[in-house]
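Number of protein chains: 2
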Amino acid sequence: MSINPADLRRVNVFEKASDEDLKIIAQGSIERSIEEGNFFFFQGDPADYAYILVAGRAKLLQTNPSGQQVNLRTINAWQMFGALGAVREAATYPASAQALEDCNALAVKSTTLKELIKDRPYLSIGLMNLMTDYIQEMQERYRELATEKVERRIARVLLRLTAQMGIKGEHNTIELGFTRKELSEMAGTTLFTVSRILSEWERLGLVEAGRERVVILQPHELVVIAEELEK
Amino acid sequence: MSINPADLRRVNVFEKASDEDLKIIAQGSIERSIEEGNFFFFQGDPADYAYILVAGRAKLLQTNPSGQQVNLRTINAWQMFGALGAVREAATYPASAQALEDCNALAVKSTTLKELIKDRPYLSIGLMNLMTDYIQEMQERYRELATEKVERRIARVLLRLTAQMGIKGEHNTIELGFTRKELSEMAGTTLFTVSRILSEWERLGLVEAGRERVVILQPHELVVIAEELEK
DNA sequence: CGTTGGGTTGATCCAACTCAAACGACGTGG
DNA sequence: CCACGTCGTTTGAGTTGGATCAACCCAACG
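First to last, the sequence lines map onto chains A and B.
Under my numbering, the first residue of the first sequence carries the number 6, and numbering increases by one thereafter.
Under my numbering, the first residue of the second sequence carries the number 6, and numbering increases by one thereafter.
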């Protein structure tokens, strides 16, 4: 059940960590199992832990006062999230984290990280890389949301997902396990619109749509929809 | 013309820098003057310099393939921008930076910063604070764009601007110098819609709208529009 | 004064949201 | 094994928030 410190090197941020540091981190942390649908933390909670997802999938999301959700990010195994507590004093999480499947995670005390950061440049640099990546993605998505129409945004969501975690089948087909609702939250639209567009694409032979499942048959055609200038 | 190294301490990131470090930074940098409308750098350029705005105002923006613009951030004096080159290898700017007024800026070689970061924790931490702040703002704005309607988004834009740089007049009135177009790019809408809504608000006595100018007469009412649940 | 650049306002249109109804896959328990 | 409820999905009909387009106004400025 307990995690082998050496496994931590699979986390990008710890790629260059010494064995010793990994041990410190492993010791300064606890394991948490979160069942599907439950939350690691909520927006506004004090950010006392940073998490490393060991198994399962999770998502970062925000809700607005009237309850609508927006997906900010999907988290896969060996990714770190909720790390900003490692930096800021008295930080609170700016988003909630919910398990999409049963999850196992390592919760690292923010204080431990804060201590280490002081004299481990590799750590700061790793975290900054994480942050700049994320900033870039958010900027892109923000621009998309502001300027592109829904069909294109949905295409992009699917492409992003395939890039992150696509399980390739025969002839480049890629299967994704998401509900229409989840996809709509990622694209910033409604589940109805997603359903309609997937149906349309199915008619055109680009995808195969099933219950909690989308199989991408012609990734290239999706790229055309996502990027094409005309139309 | 040349900048006093001690002035650099007005930059958040350098708040805790030693006099010596400031000197290194000042020496490893050059001054650039950019006229209103011109660009510091374009999206995609190699990120060889990080900038510190000394005088004037600038904005970070992205354009999509068909030329539409989205404003990501407004930059005021003594703020740092384009800093991600300090972290990543062979980075390119993920956005363009354009002067809103005639600007003076200090361009710090990315290599200089990269060198310093290695053993100046205060610097990494400062940069990370900058990044986490920005991430939070982007997340918020992303959610707003996805879930709130235009009127509310415009209200938020005005409120954000007043918080950042409002010049208070009598009885809490605040004057902002932006064109409808600029405001629309910040709110993710069109200049027409902004114009209509400002007219509407003017009819209600909330603001006073003029050429390249918005005076906020009743900030509190704007907050109501920005936050209120009903309607 | 004419020109230019910002702003307003009306008319029109359509992409996408909302709401309602019904379908179909799945799991469960009798 | 069937009946039933649940949950994700599909589809249609109706509505609408904002975008788009076009005309015009007005202030600043050379």
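We put the beta carbon where it would ideally sit given N, CA and C, even for glycine.
- Task: List the DSSP bridge partners of M85(A).
- Result: By one-based count along the first sequence, residue 85(A) stands at place 80. According to DSSP, M85(A) bridges with I57(A).
- Which residues, in chain order, does the segment 60-80 of chain B contribute to contact with chain A at a C-beta distance below 7 Å? Q67, N69, P70, S71, Q73, V75 and L77
- Task: Could you work out which residues of chain B lie near A151(A), taking near to mean beta carbons separated by less than 7 Å?
- Result: Position 146 of the first sequence holds residue 151(A). Simply V75, L150 and G193.
- Task: Starting from the beta carbon of Y136(B), find every residue of chain A whose beta carbon is closer than 8 Å, and list them in chain order.
- Result: To locate residue 136(B), count along the second sequence from 1; it is residue 131. It is worth fixing the name first, because residue 136(B) is Met in this sequence and not Tyr. M133, M136, T137 and I140, listed in chain order.
- Query: Roughly how many angstroms separate the alpha carbons of E120(A) and D12(A), rounded to a whole number?
  - Reply: Here residue 120(A) corresponds to residue number 115 of the first sequence, with the count starting at 1. Here residue 12(A) corresponds to residue number 7 of the first sequence, with the count starting at 1. Roughly 21 Å separates the two Cα atoms.
- Query: Where does K28(A) fall in DSSP's three states?
  - Reply: For the purposes of this step, residue 28(A) is identified with residue 23 of the first sequence, where counting begins at 1. If DSSP states are grouped into helix, strand and coil, K28(A) belongs with the helices.
- Message: By alpha-carbon positions, which one of G90(A), K186(A) and P126(A) ends up nearest to A19(A)?
- Response: For the purposes of this step, residue 19(A) is taken as the residue at position 14 of the first sequence. Checking the sequence shown, residue 19(A) turns out to be Phe, not Ala. For the residues G90(A), K186(A) and P126(A), the minimum Cα distance to F19(A) belongs to P126(A).
- Per DSSP, K186(B) forms a beta bridge with which residues? Translated into the one-based positions of the second sequence, residue 186(B) becomes position 181. According to DSSP, K186(B) bridges with nothing at all.
- Item | Neighbourhood of S60(B) by C-beta, 7 Å cutoff - its chain only, sequence neighbours within 5 removed | In the second sequence, the residue the question calls residue 60(B) occupies position 55. The sequence as given places Ala at residue 60(B); Ser does not occur at that position. Only A82, C108 and N109 meet the Cβ criterion.
- Message: Threshold first: 4 residues or longer. Then list the alpha helix (DSSP H) segments lying entirely within the segment 95-153 of chain B, N to C.
- Response: 115-122 and 126-152
- Same chain, Cβ closer than 7 Å to A112(A), five either side skipped, listed in chain order: Translated into the one-based positions of the first sequence, residue 112(A) becomes position 107. S34, I35, R37, Y54 and Y56, listed in sequence order.
- Task: Closer than 8 Å by beta-carbon distance: list the chain B residues that pair up with V92(A), in chain order.
- Result: Against the first sequence, residue 92(A) aligns to sequence position 87. The answer, in chain order, is I130, M133, N134 and T137.
- Message: Which residues of the segment 35-61 of chain B have a Cβ closer than 7 Å to any Cβ of chain A? Give them in chain order.
- Response: none
- Query: Exposed or buried, what is P224(A) when buried is set at 16 or more other beta-carbons lying within 10 Å of its beta-carbon?
  - Reply: Numbered from 1 along the first sequence, position 219 holds the residue referred to as residue 224(A). Label assigned to P224(A): buried.
- Task: Can you tell me the Cβ-Cβ gap for S101(A) and L66(A), rounded? I've got them flagged as a contact below 8 Å.
- Result: If you number the first sequence from 1, residue 101(A) lands on position 96. If you number the first sequence from 1, residue 66(A) lands on position 61. Correct: roughly 6 Å between the Cβ atoms.
- Message: I'd like to know if K123(B) contacts chain A, where contact means its C-beta is closer than 9 Å to some C-beta of that chain.
- Response: As a working note, residue 123(B) is residue 118 in the second sequence. Yes, K123(B) lies at the interface with chain A (some Cβ there is under 9 Å from its Cβ).
- Message: On the DSSP bridge list, what partners appear for K64(B)?
- Response: Residue numbering aside, residue 64(B) sits at position 59 when the second sequence is read from its first letter. Per DSSP, T79(B) and Q103(B).
- Query: Going by the CB atoms, is the gap between V220(A) and A192(A) shorter than 9 Å?
  - Reply: Position 187 of the first sequence, counted from the start, is the residue given in the question as residue 192(A). Position 215 of the first sequence, counted from the start, is the residue given in the question as residue 220(A). Cβ atoms of A192(A) and V220(A): not closer than 9 Å.
- Message: Counting only beta-carbon separations shorter than 9 Å, does Q103(B) have a partner in chain A?
- Response: The residue given as residue 103(B) occupies position 98 in the second sequence. Chain A, which has no Cβ nearer than 9 Å to the Cβ of Q103(B), makes this no.
- Would you call the segment 83-93 of chain B and the segment 80-95 of chain A touching, i.e. three or more CB-CB distances under 8 Å? no
- Message: Please state the DSSP three-state secondary structure of Q223(B).
- Response: The sequence position of residue 223(B) within the second sequence is 218, counting from 1. Q223(B): coil per DSSP, three-state reduction.
- What's the C-alpha gap between M5(B) and N9(B)? Outside the displayed range of chain B (6 to 236) lies residue 5(B), so it cannot be described from this structure.
- Query: With DSSP run on the structure shown, which of helix, strand or coil describes A214(A)?
  - Reply: Counting from one through the first sequence, the residue named residue 214(A) turns up at place 209. Reduced to three states, the DSSP call for A214(A) is strand.
- In three-state DSSP terms, what is P70(B)? Numbered from 1 along the second sequence, position 65 holds the residue referred to as residue 70(B). Here P70(B) sits in coil by DSSP.
- Beta carbon of N69(B), beta carbon of R158(A): below 9 Å? By 1-based counting over the second sequence, the position of residue 69(B) is 64. By 1-based counting over the first sequence, the position of residue 158(A) is 153. Not a contact, by the Cβ cut-off of 9 Å.
- Query: Does DSSP put L166(B) in a helix, in a strand, or in coil?
  - Reply: Position 161 of the second sequence, counted from the start, is the residue given in the question as residue 166(B). In the structure shown, L166(B) sits in a helix (DSSP, three-state: H, G or I).
- Taking the beta strand (DSSP E) that E36(A) falls in, what are its first and last residues? In the first sequence, the residue the question calls residue 36(A) occupies position 31. Counting along the chain, the beta strand (DSSP E) containing E36(A) begins and ends at S34 to I39.
- Let me know if Q73(B) comes out buried or exposed under the rule of 16 or more other beta-carbons within 10 Å of its beta-carbon. For the purposes of this step, residue 73(B) is taken as the residue at position 68 of the second sequence. Under this definition Q73(B) is an exposed residue.
- What residue range is occupied by the uninterrupted alpha helix (DSSP H) comprising L181(B)? Counted from its first residue, the second sequence places residue 181(B) at position 176. Run containing L181(B): none in the alpha helix (DSSP H); it sits in the beta strand (DSSP E), I179 to L181.
- Item | 9 Å Cβ cutoff met for T79(B) and Q169(B) | Taking the second sequence and counting its residues from 1, one reaches residue 79(B) at position 74. Taking the second sequence and counting its residues from 1, one reaches residue 169(B) at position 164. Result yes, Cβ atoms of T79(B) and Q169(B) sit closer than 9 Å.
- Mind checking who F46(B) pairs with in its DSSP beta bridge? Your numbering for residue 46(B) matches position 41 in the second sequence. A102(B).
- Taking T167(B) as the reference, give the member of R218(B), R208(B) and I122(B) with the closest Cα. Numbered from 1 along the second sequence, position 162 holds the residue referred to as residue 167(B). Of the listed residues, the one whose Cα sits closest to T167(B) is R218(B).
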